[in-house]
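Enquirer:
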Amino acid sequence: RIRCGLHSADVFVGNLGSKMRMKYGVLGDGVNLASRLEELNKRYLTEVLISEDVLVQPGVREEFLVRPLDRVVVKGRVKPTPIFEVLDRVEFASDRTRLVAEQSASAMQ
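The letter at position 20 of the sequence shown is residue 23 when you use our numbering, and the numbering goes up by one with no holes.
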């Protein structure tokens with residue numbers, strides 16, 4: 004079973020190290036949060052979790068059906084991060100899935 008955590012942020016990407024030992028890598032708080040979201044899938048029994056920063060990207064709300072899941076404080080942060088589960092693509096979502104998304108949204112308000 005595949006689990007995925009998505010977050011949108013500015014990060015450092017590129018070759019790290021010296022001429023003798025070079026490694027391509029990604030560093031930054033955004034990478035850490037995406038990793039923590041991936042780990043949280045185990046706890047919430049979900050497959051794809053996204054942060055609010057992903058949700059506000061153009062086209063995400065129109066293309067994907069999501070439900071608010073929780074506000075979590077991940078390791079390395081003090082401020083709670085709202086997290087959302089991606090349920091389905093809007094065009095393929097069943098009536099039951101749409102109802103779950105609507106009820107979850109009203110429960111979290």
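The C-beta atom is built at its ideal place from N, Cα and C for all residues, glycine as well.
1) Could you pull out every residue in the same chain whose Cβ sits closer than 7 Å to the Cβ of residue 96, ignoring the five residues on either side in sequence?
2) With distances taken from CA atoms, which of 76, 85, 66, 30 is nearest residue 111?
3) Would you check if the distance between the CB atom of residue 30 and the CB atom of residue 10 is smaller than 7 Å?
4) Would residue 63 and residue 7 be called neighbours here (beta carbons separated by less than 7 Å)?
5) Indicate the three-state DSSP secondary structure (helix, strand or coil) for residue 24 in the structure shown.
Expert: Considering the structure as presented:
1) 68, 90
2) 85
3) no
4) no
5) coil
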